[in-house]
Amino acid sequence: MESREKILSRWLEDAREKVLYLQDIHIGIPTSEIEILEETLREAEDYLKSDRKSMALNRWKSFNGLFTEIENRCFSTLTPRQIDQISRSDQRPKTLEYAKYVFEDFDEIKGFDANSPDPAIVCGFARLERNDVMVIGHEKGRFTEHYRRGGSALPQGNLKAMRAMKLAEKFGVPVVTFVDTPGSWPLEEFLPAQQIAKNLQAQYLLKVPHVSVVIGEGGSGGALAIDVSDFRIMLDKAYYSVISVSGGAAIIASDKRHVTEEDLDRAALNLKITAHDALRLKIVDLVLQEPKIGVRRSDREFYTLVRDAIIEGLNIVKQRVYPFFLPHPKIENTWKLKRHQVRILLRKRIKRYGRIGTYHTSFMDKFKFVLGELYRIRWIHSIFAPLRVSLETIRKIKAKEEKSLLGAEEQPEALSFEDRWVECPNTSLHGCQDIWVPTLFEEYNGACPHCGYHFRLVIDHYINLLSDTGTFREFGKGIESINPLRFEGFTEKLKEAKRTTKRKCAMITGYALIDRQPAILILTDVRFRAGTLGSAEGEKFCRAVKRAMREKKPIVAVHQSGGARIEEGLLALMQMAKTSSALARFKQAGGYYISVNTDPTMAGVLASYASLGDFVLAEPNAQIGFAGIHVIEQTVKQKKPKNYQHAEMVMGRGGVDLVVSRGELKHTISRLLKLKKMKSTEEIY
Ligand SMILES: [Zn+2]
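This is how it looks when you write it as structure tokens:
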């Protein structure tokens, strides 16, 4: 039996940790109160040292009284900003602790080969009841473990996670991931965005159940890289967001140089980062209640809660694919799936992510979409396919007749070019001459005739540039961007974007002939809210992919985008998973996808569909990157050269297959399209 002294000193140790915790989380507890706590604790420790146990006990009791008072006052209703602060605490349990206390026999796999040593991601096999599971997670370690970069994974780390998932798949073992990262490490040298895109695609194809637990920070694409799961659990003092609160604050701040505390509070509130928000948006399946002040490493009972939640999650996933499943703790490997169950699992997974998003759609679009879905049912397909073929032929003949009648003015909205001169940015370097704007865009496709510098081209021009005259036929026009999270001030900005661009969202989808070869064109307009990816864009993209799959046409996509749409929060982040899984399925069915990255192709878009092309082309000097250059410089504390994110540099790193000048673009794409005729889509599912 423990002596009284030992028990008391253990209590005091815990109290000491609690004080450190309050100092660590910065949620606005008055310093004077923390000082009183500290003082009381010090007295108790002194009494214990001088062997006056009853006095020590007395002080400990008054410490507890004070602490409970603070707990009730400051922790009863926490603001999103406070939750954001708590989620970063050093005292929260990290992945390795969960791996040790939630599971039995956790064996860490340190690295698979020279390409994947990254201590920010840990993985290994463990036992859960009588089952093997693969545990993967971001590991922040203690604050002294700098080599883990606070859980910011390198692309190598994400590759390691992917390999671990593949290994789990080989043995039919379910995957449990723990998400706790402020975001991926943004150094462009090893292509972080491209690796995230690969992870998103691979996770859709994972043939075993996948349950994830968001235990602390759910930072954007870095989190999603291991979190395209079938069942998502989130602790109630963790956050999940498309951008860090400070990043969001910089966007909504009235004075961009001085972000105030108020801006930070507003950003946290507007971004809807808490677990309960995520539950309302149906992105999280289960929220786990933590102790009032937040879970700390020493809260051993909490691990049991997490364990039960994971087991429940895995049971639910199995029940989704096999409704007669009865969980039984004595049976070995109960979550193993049979072949046909795997097929259902993948179908459910794509549906799960396909549903995410809030947008408006017109009646005609809804009607056409339902028709399209019906057409996928095999017997309807076999009845209507001949009819469709003949309709298509009639349309082709008609299009041929119309072609001769169509004038240039009936092409999609032509641009009115200003009557002025521009200076090439390379003038000082190459001595280029000033160019008259109409000549620049009409004769030179927007490239400097002397040095080949590519000016940014408005997206409508790409339609003319790529498709044969008069063959572009738009569809999905009715899908419209809205402000689903009621983000402050966004409704007006959206209205303005719709008015100036005369579009309902940033994406344009349509049929086109490219050198007489049919294809589906997907274009993003950078003028519409920086071409960002939101719910409407994600949905439009996925519908175009579905259409391409149904009609066995290749996809050519031209990207001009700043990334995921901050104002749509988690909904926008999840569009990365949605578009990537739609593409994964398309490619699995033999689909052919060519991606053209123009200026700019950034962040969330680059970390999903822009990098998943069978061929990834880019325009000269286009900016292609994972994060803004200032963010990178601040995070890695290094100065980067001006051309750090230029297409040519990215090609040098292997992120782009070919840099093609605008004049050559159509020819190159047409050449690539000739390489492959689509296979039948019938063999899948
Ligand atoms: Zn020039």
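Residue numbers are given in our numbering: position 668 of the sequence shown equals residue 687, and the series is strictly consecutive. For every residue, glycine included, the Cβ atom is placed at its ideal position computed from N, Cα and C. It should be emphasised that the depicted structure is a prediction, and the values quoted were computed from it without experimental measurement.
Using the Cα positions of residue i and residue j, report the straight-line distance between them to the nearest angstrom.
i: Leu-97; j: Ile-48; result: 12 Å
i: Ile-648; j: Asp-151; result: 43 Å
i: Pro-174; j: His-229; result: 21 Å
i: Asp-249; j: Lys-597; result: 13 Å
i: Arg-71; j: Gly-588; result: 56 Å
i: Pro-431; j: Arg-414; result: Unreliable placement is indicated for Pro-431, whose pLDDT of 35 sits below 50; no coordinate value is reported for it.
i: Thr-551; j: Thr-412; result: 37 Å
i: Pro-639; j: Thr-519; result: 28 Å
i: Ile-102; j: Glu-511; result: 29 Å
i: Leu-532; j: Gly-582; result: 28 Å
i: Met-181; j: Leu-224; result: 11 Å
i: Leu-424; j: Lys-521; result: For Leu-424, the predicted structure reports a pLDDT of 42, less than 50, and the residue's modelled location is therefore unreliable. A value from the coordinates is still provided. The alpha-carbon atoms of Leu-424 and Lys-521 are separated by roughly 26 Å.
i: Thr-200; j: Glu-24; result: 40 Å
i: Ala-516; j: Asp-544; result: 11 Å
i: Tyr-66; j: Ser-22; result: 16 Å
i: His-399; j: Glu-392; result: Note on residue identity: the sequence assigns Ile, not His, to residue 399. Whole-angstrom Cα-Cα distance: 10 Å.
i: Gly-610; j: Pro-348; result: 43 Å
i: Val-635; j: Val-577; result: 10 Å
i: Arg-299; j: His-277; result: 33 Å
i: Lys-523; j: Glu-90; result: 48 Å
i: Tyr-120; j: Ile-234; result: 14 Å
i: Glu-428; j: Val-361; result: With a pLDDT of only 38 at Glu-428, under 50, the local geometry of the prediction cannot be trusted, and the value read off the model is given with reservation. Each residue's Cα considered, the two are about 52 Å apart.
i: His-45; j: Cys-93; result: 11 Å
i: Pro-405; j: Phe-460; result: 44 Å
i: Phe-605; j: Thr-446; result: 45 Å
i: Glu-331; j: Val-194; result: 14 Å
i: Val-678; j: Gly-671; result: 10 Å
i: Glu-64; j: Ser-171; result: 39 Å
i: Ile-26; j: Phe-343; result: 50 Å
i: Phe-494; j: Tyr-372; result: 23 Å
i: Arg-100; j: Leu-694; result: 53 Å
i: Leu-590; j: Lys-311; result: 28 Å
Going by alpha carbons, who is nearest to residue i out of the options?
i: Ala-244; options: Arg-397, Arg-492, Ser-580, Ala-626; result: Ala-626
i: Asp-124; options: Arg-111, Ser-106, Gly-143; result: Gly-143
i: Ile-363; options: Ala-216, Ser-22, Val-340, Asp-137; result: Val-340
i: Ser-260; options: Glu-281, His-295, Asp-274, Lys-275; result: His-295
i: Leu-39; options: Ile-26, Ser-28, Ile-53, Asp-318; result: Ile-53
i: Ser-239; options: Ala-34, Ser-263, His-165; result: Ser-263
i: Gln-607; options: Met-621, Leu-631, Asp-618; result: Leu-631
i: Val-232; options: Asp-274, Lys-256, Leu-459, Ala-221; result: Lys-256
i: Gly-674; options: Ala-221, Phe-209, Gly-235; result: Phe-209
i: Ala-629; options: Leu-602, Thr-654, Val-655, Thr-163; result: Leu-602
i: Ile-688; options: Asn-91, Glu-652, His-469, Ile-613; result: Ile-613
i: Leu-333; options: Asn-352, Ser-317, Asp-318, Leu-485; result: Asn-352
i: Ala-269; options: Ile-252, Leu-254, Ala-287; result: Ala-287
i: Ser-73; options: Ser-28, Ile-498, His-449, Tyr-117; result: Ser-28
i: Val-441; options: Leu-513, Ala-297, Trp-455, Lys-301; result: Trp-455
i: Leu-684; options: Gly-376, Gln-222, Ile-482, Ile-26; result: Ile-482
i: Ile-216; options: Val-194, Met-593, Met-670, Phe-547; result: Here residue 216 is Ala; the residue named in the question, Ile, does not match the sequence. Nearest of Val-194, Met-593, Met-670, Phe-547 to Ala-216, Cα basis: Met-593.
i: Ile-369; options: Gly-529, Ser-409, Arg-562; result: Arg-562
i: Glu-737; options: Arg-149, Phe-82, Thr-620, Phe-403; result: Beyond the ends of the chain as shown, which are 20 and 704, falls residue 737; an answer cannot be given.
i: Asp-327; options: Glu-58, Lys-695, Tyr-117, Arg-100; result: Tyr-117
i: Asn-289; options: Asn-616, Ala-591, Phe-506; result: Phe-506
i: Arg-358; options: Val-227, Lys-559, Leu-590; result: Val-227
i: Asp-479; options: Thr-528, Ser-599, Val-325; result: Thr-528
Could you please give the first and the last residue of the uninterrupted alpha helix (DSSP H) stretch that includes residue i?
i: Pro-457; result: 456-461
i: Gln-657; result: It is not in any alpha helix (DSSP H) - Gln-657 carries neither H nor E in the DSSP assignment.
i: Ser-73; result: 72-93
i: Leu-602; result: 588-607
Provide the residue span of the beta strand (DSSP E) that contains residue i, from first to last.
i: Thr-200; result: 194-200
i: Glu-493; result: 492-494
i: Arg-146; result: 140-147
i: Val-577; result: 574-580
i: Gln-664; result: Taken as a continuous stretch (DSSP letters only), Gln-664 belongs to no beta strand (DSSP E), as it is neither H nor E.
i: Tyr-612; result: 612-621
If I'm right that residue i touches residue j with Cβ under 8 Å, what's the distance once you round it to whole angstroms?
i: Leu-540; j: Val-564; result: Not confirmed; about 12 Å, so no contact.
i: Gly-156; j: Phe-197; result: 3 Å
i: Ser-106; j: Tyr-322; result: Between Tyr-322 and Ser-106 the Cβ distance is about 18 Å, and since that is not below 8 Å, they are no contact.
i: Gln-664; j: Gly-644; result: 4 Å
i: Arg-111; j: Val-314; result: 6 Å
i: Lys-179; j: Arg-167; result: 13 Å between Cβ atoms; not a contact.
i: Ile-329; j: Leu-60; result: About 36 Å; that fails the 8 Å criterion.
i: Asn-662; j: Glu-586; result: That pair is no contact at about 31 Å.
Any residue with its C-beta under 5 Å from a non-hydrogen atom of ligand 1 counts. Can you list them all in chain order?
Cys-443, Asn-445, Cys-451, Cys-467, His-469, Cys-470, Tyr-472
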